[in-house]
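Heads up, the thing below is written out as structure tokens.
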Amino acid sequence: MNKLDAQRQKEIQQAEELLFAGPQALGFAKGLFQGHFVSDWVMPYPRIPEAQQGELDQTLTELRKFLNVDLNPAEIDRQADIPRSVIDGLGRVGVLGMTAPKEYGGHGFSQMANCKVLEEIGRRCASTSVFVNAHHSIGIRALLLFGTHEQNRKWLPKLVSGEQLGAFALTEREAGSDAANVQMQARPSEDGSHFILNGEKRYITNAAIAHELTVMARTPVPGSDKTAVTAFLVTPDMPGFEMLEARMPKTGIKGTATGRFALRDVKVPKENILGPMGKGLKVALTVLDFGRTTFGACCTGAAKTCLELAVAHANTRRQFNKTLGEFELVKKKIARIAADAYAMEAMTTVTASFIDRGLEDYMLETAMLKVFTTERLWECINDVFQIYGGSAYFTDLPLERMLRDARINQIGEGANEVLTSFIALVGMRGPGMEFKEIYDTMMKPSRDGVSKAWAAGKNRLSATVRVPEVPVQSEQLRAHARQLGRLIRHFNFAVNRALITYREPILDMQLVQERIANAAMDLFASTCVLSRIDSETQFARRNGGLPPPDHLAADLFLRQSFRRIRGFLAGLTNNDDKAVIAAAKSCLTSGTAKTTS
Ligand SMILES: Cc1cc2nc3c(=O)[nH]c(=O)nc-3n(C[C@H](O)[C@H](O)[C@H](O)COP(=O)(O)OP(=O)(O)OC[C@H]3O[C@@H](n4cnc5c(N)ncnc54)[C@H](O)[C@@H]3O)c2cc1C
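Encoded structure:
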């Protein structure tokens, strides 16, 4: 086996261990890749239970009151700091322990309710929402999910009140997108009472203000010469903890403290291990699933702000004796922001409901949510920036800050390119395995193999001829539902064709993967939008009211999303991929581009 094959084997083994341990119910996104519409997970549109809705409304009222008076996003940006008074206030409202169980002082909110809280903060200040995410969505998440009762009793009460703060430390110089390549070492002590940690972490939000950090480090696998990642709970008062840079100067979300630290022979008691030994990557990825859901919520909030700002300016600024809103090219931007904001909220709500309903398999959907909402928000901000013209460029308006703040979203918690490839590859795994079954049997027939291959063949064939039913209640949505069903079949056909055409090399064909992932993301987004419109229409009908006015934007979203899906799938056979690769290769091999002197 050559070095490249060995590396590929190692990656596949790691991914298998992380993603496919144990049987799981078919999730919605994986269903799409198999040509199914797993309607139970997405229809009817999820609602927060009435009892919790009352509590949520009360919390949101209190939160808005606090944020309106005490939160000054421009000042946070200027000072590059979130004042302690704001952190204390967020703690008082309960934001810093929203989903923690009540027995530890938390609010016991569902992920759906928590997303509404984060949306409210994301509307106003990205520094503050990223700070809350770093503390609550990921910083203390490993404790909440994997902590023992003793660990939770010891650590959680102060963390959920905000008296203490949390951080999540995975990234290192060698472990950025390649998160599995953690180099920080954790050596067990001779008496087995503790681990000795050595290494450096960088780009860690809250590192310098946290009292508890979930740190990923490499531990030996007993009985072998291998190592595996384990999650540790580290506190900055442990001897050997050295803050190398407390606040790395940066482009946006300046209020957050992004730091770099080293651990030099830091003794961490074995009681501070979070989750099973050697399963730290699984811990990390599960934690990030929660983070990606609240990412979606924060982007939704920011997109709604974009819409408000765009409408306000388009209705008041006059040029050529008209308001800007009278020009079609401005209208187009406003309609697109409204459509995207509606979809982002729907997608966030549905994805959060998967977590609340205990679906085990939602990794694909959280990745889709993260990529989709962060890309859409970037477009929204770009559009509203353009509508404001020159005035957007000056610092008395919030737009330049919003632009700077939003740029991290496409990079943090998994760069969008990495997640896009992940969505395509994990999604295609199901149909890919069925094709492998068929192929292996053709090469080496056996009685058992033939019956398995027959079943796999039947599955693949029926998925390509059957249009899945998309069950909507509202008559006027039937045409959209049928169109969505047809697109799912078309998608499945395209996935099958790509698998048959490219076989194993598809693992490295990211341009093909991107189109498949983009189509899957739009199919998921359209489903969430359709489900939401259906539910709101039915609700209005039952209560004798009119459907909400943003249904026009929602309808536009479906039309544009369906058009995009057709475009992505058409691009699989009609594209310039060879020219793209050739042009890039020529640049990469000729060294750095020379500038004219
Ligand atoms: C402000 C800020 C806050 C952060 N907070 C935290 C935190 O709290 N905790 C934490 O652990 N980390 C944190 N991070 C780290 C963040 O998660 C990483 O920056 C991110 O995962 C990308 O890693 P990298 O920066 O090393 O980029 P690299 O891995 O060097 O990637 C650079 C670029 O290369 C491309 N790329 C990489 N791999 C692939 C691939 N397989 N296919 C295609 N393209 C690829 C992508 O475009 C990517 O953006 C933070 C980062 C920032 C900037």
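The sequence shown begins at 0 in numbering that gives the first Met the number 0 and counts up one residue at a time.
The C-beta atom is built at its ideal place from N, Cα and C for all residues, glycine as well.
Can you name, in chain order, every residue of its own chain whose Cβ lies under 6 Å from the Cβ of residue i, other than the five neighbours on each side?
i: Ile-564; result: Leu-486, Ala-518 and Asp-521
i: Gly-279; result: Met-215, Val-228, Thr-229 and Ala-230
i: Leu-158; result: Ile-139 and Gly-165
i: Ala-553; result: Tyr-341, Val-528 and Ile-532
i: Ala-261; result: Glu-199, Glu-241 and Leu-243
i: Gln-509; result: Ser-420
Regarding residue i and ligand 1, is the C-beta to nearest heavy atom distance less than 7 Å?
i: Ser-352; result: no
i: Thr-127; result: no
i: Phe-130; result: no
i: Val-417; result: yes
i: Tyr-202; result: yes
i: Phe-371; result: no
i: Phe-289; result: no
i: Glu-598; result: As displayed, the chain neither begins before 0 nor continues past 596, which places residue 598 out of reach and without an answer.
i: Gln-509; result: yes
i: Tyr-170; result: Correcting the residue identity first, residue 170 is Thr in this sequence and not Tyr. Thr-170 Cβ: within cutoff of ligand 1.
i: Ser-176; result: yes
i: Ala-133; result: yes
i: Lys-584; result: no
i: Ile-407; result: yes
i: Ser-136; result: no
i: Ala-423; result: no
i: Ile-252; result: yes
i: Thr-257; result: yes
i: Lys-225; result: no
i: Ala-166; result: yes
i: Lys-249; result: yes
i: Ser-420; result: yes
CB-CB under 7 Å to residue i, same chain, minus the five flanking residues each way: which ones, in chain order?
i: Ala-578; result: none
i: Thr-234; result: His-210 and Glu-211
i: Ala-20; result: Low per-residue confidence applies at Ala-20: pLDDT is 47, beneath 50, and the placement is therefore not dependable enough to give any value.
i: Thr-365; result: Asp-288, Arg-291, Thr-292 and Thr-350
i: Leu-70; result: Val-85, Arg-123, Cys-124 and Thr-127
i: Phe-65; result: Gly-88 and Val-92
i: Thr-285; result: Leu-144
i: Ile-11; result: With a pLDDT of 48 at Ile-11, under the threshold of 50, the predicted position of this residue should be treated as unreliable, though the coordinate-derived value follows. Once the five neighbours on either side are set aside, Ile-11 has no close Cβ partner at all.
i: Gly-258; result: Ile-203, Ala-206, Ala-207, Met-242, Glu-244, Ala-245, Arg-246 and Met-247
Would the beta-carbon of residue i fall within 8 Å of that of residue j?
i: Gly-411; j: Arg-122; result: no
i: Glu-244; j: Glu-199; result: no
i: Val-129; j: Leu-95; result: no
i: Leu-498; j: Met-432; result: no
i: His-106; j: Gly-93; result: yes
i: Asp-382; j: Ala-309; result: yes
i: Pro-467; j: Phe-36; result: yes
i: Ala-256; j: Asn-205; result: yes
i: Phe-32; j: Val-370; result: no
i: Cys-114; j: Thr-347; result: yes
i: Gly-590; j: Leu-363; result: no
i: Phe-523; j: Ala-168; result: no
i: Ser-525; j: Ser-473; result: no
Report the residue from the options whose alpha carbon sits nearest the alpha carbon of residue i.
i: Gly-484; options: Ala-493, Pro-470 and His-148; result: Pro-470
i: Gly-324; options: Glu-74, Leu-424, Ala-313 and Ile-81; result: Ala-313
i: Glu-399; options: Ala-28, Glu-513, Pro-72 and Leu-587; result: Pro-72
i: Asn-151; options: Tyr-202, Leu-169 and Ala-99; result: Ala-99
i: Arg-263; options: Met-242, Pro-275 and Lys-281; result: Met-242
i: Gln-475; options: Leu-529, Asp-56, Phe-490 and Lys-153; result: Leu-529
i: Gly-295; options: Glu-344, Asp-360, Lys-269 and Pro-45; result: Glu-344
i: Cys-124; options: Phe-260, Pro-275, Ile-81 and Arg-514; result: Ile-81
i: Ala-338; options: Arg-63, Arg-375 and Thr-322; result: Arg-375
i: Leu-55; options: Glu-118, Ser-84 and Gly-88; result: Glu-118
i: Val-116; options: Phe-556, Met-97, Arg-531 and Ser-126; result: Met-97
i: Thr-226; options: Leu-66, Gly-251, Leu-196 and Ala-185; result: Ala-185
i: Tyr-103; options: Thr-147, Asn-67, Gln-78 and Arg-63; result: Thr-147
i: Glu-307; options: Ala-334, Phe-326, Ala-283 and Glu-327; result: Ala-334
i: Glu-189; options: Arg-217, Gly-570, Pro-268 and Val-41; result: Pro-268
Given residue i, which residues of its chain have a CB within under 8 Å of its CB, disregarding the five upstream and five downstream residues?
i: Pro-547; result: Glu-535 and Ala-539
i: Ile-380; result: Ala-301, Cys-305, Leu-398, Met-401, Leu-402 and Ala-405
i: Thr-588; result: none
i: Ala-582; result: none
i: Thr-322; result: Ala-313, Asn-314, Thr-315 and Arg-316
For residue i, is the beta carbon positioned less than 7 Å from some heavy atom of ligand 2?
i: Phe-145; result: Of the ligands one can find in the structure shown, namely ligand 1, none is ligand 2.
Is there a Cβ of chain B sitting closer than 8 Å to that of residue i, yes or no?
i: Val-129; result: The structure shown contains no chain B; it holds only a single protein chain.
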